[in-house]
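Participant: Converting from the sequence shown to the working numbering requires adding 571 to each position, the first position being numbered 1. Backbone N, C-alpha and C fix where the C-beta goes; we use that ideal spot for every residue, glycine too.
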Amino acid sequence: MNIIPTRSVLEAVRDGAGRWDTRSIDLELGRRGARIETGILADLRQLAAQDLIQEDDTEPRGTGPRWRLTDLGAAWLDRATSRGLV
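1. Got a sec, what are the start and stop residues for the alpha helix (DSSP H) I624 sits in?
2. So G644 and L581 are supposed to be a Cβ contact under 8 Å. How far apart are they, rounded?
3. Among residues of its own chain, excluding the 5 on either side of E626, which ones have a beta-carbon nearer than 7 Å to its beta-carbon?
4. Taking D586 as the reference, give the member of L640, A646 and R654 with the closest Cα.
5. So is T577 buried or exposed if we call it buried at 16+ other beta carbons inside 10 Å?
6. What is the C-beta distance between V584 and I624, in whole angstroms, given that I count them as a contact (C-beta under 8 Å)?
7. Where do the N-terminal and C-terminal ends of the beta strand (DSSP E) with R660 fall, by residue?
8. CA-CA distance, S579 and D642?
9. Go to Q617, then tell me how far its alpha helix (DSSP H) extends in each direction, as first and last residue.
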């Protein structure tokens, strides 16, 4: 993955509430000051492979699929927030 911490990605996905597509998440992370050296799609797919987020490719689509937290991703984020983890 890129140098974007998992927590930052999960927070952006959570805050998008399943409305944001891949490009919107990429732009939001940049707005929050994350350094993105390459496209975010590989990062999102890796988090999906870990069942932390899930892809929603139903219509309407923007630039790539929309993403939402899974229950596992929400639990991971809650735990990371409460422990002050990256």
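Facilitator: With the given structure in hand:
1. It is not in any alpha helix (DSSP H) - I624 instead sits in the beta strand (DSSP E) that spans I624 to D627.
2. 6 Å
3. A619, P636 and W638
4. L640
5. Its Cβ being crowded by 16 or more others within 10 Å, T577 is buried.
6. 5 Å
7. Look at the range of the chain in this structure, 572 to 657, and you will see that residue 660 is not part of it.
8. 17 Å
9. L612 to A620
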